[in-house]
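What follows is one structure encoded as structure tokens, with my remarks underneath.
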Amino acid sequence: MIEGVVNAALEAVVTLPLRGPDGQVREVEAVIDTGYSGYLTLPPALTAELGLDFRGNGHAYLANDAEVEFDVYSMIVLWDSQPRDIEADATGSTPLVGMLLLDGHDLSVEVRDAGRVIIQAGE
Numbered sequence: 036m037i038e039g040v041v042n043a044a045l046e047a048v049v050t051l052p053l054r055g056p057d058g059q060v061r062e063v064e065a066v067i068d069t070g071y072s073g074y075l076t077l078p079p080a081l082t083a084e085l086g087l088d089f090r091g092n093g094h095a096y097l098a099n100d101a102e103v104e105f106d107v108y109s110m111i112v113l114w115d116s117q118p119r120d121i122e123a124d125a126t127g128s129t130p131l132v133g134m135l136l137l138d139g140h141d142l143s144v145e146v147r148d149a150g151r152v153i154i155q156a157g158e
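For the sequence shown, counting from 1, position 40 maps to 75 in my numbering; every step adds exactly one.
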């Protein structure tokens, strides 16, 4: 089970340990974004700091129909204490957890300041 908290801006936030290719681990706070269909977004500076392996380019359409292009990196996230190979999209300034990372899990959010966020494997 992964636990987090709803912040004052009513964002559901969890702390995720990320592992770079050299084995270094860095914990980051990530906002859950159910409108994002990928695994995880990371700020480009963080992908460079972790020394992540470049996989290619990706693109997406935003809610305002603008198309954005970004670099995609392979990485390992410790998800519910288990290492999981995923792709991270280098974009934005705040890490975001997307629906591919949540796939197969149940998400519970108490939507209020300091509310609980719980992610657990589905049944």
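Where a beta carbon is used, it is the ideal one built from N, C-alpha and C, also for glycine.
Query	Result
Residue range of the alpha helix (DSSP H) that Ala83 falls in?	79-85
Tyr96: buried (16+ other C-beta within 10 angstroms of its C-beta) or exposed?	exposed
Beta carbon of Val48, beta carbon of Val152: below 8 Å?	yes
Between the beta-carbon of Tyr108 and the beta-carbon of Leu87, is there less than 8 Å?	yes
Could you check where the beta strand (DSSP E) with Leu45 kicks off and where it finishes?	Here Leu45 belongs to no beta strand (DSSP E), and DSSP marks it neither H nor E.
Do Leu137 and Ile154 have their beta-carbon atoms positioned less than 8 Å apart in this structure?	yes
Measuring only the C-alpha atoms, how far is Gly150 from Pro52?	22 Å
When the distance is taken between beta carbons, is Arg54 closer than 8 Å to Val63?	no
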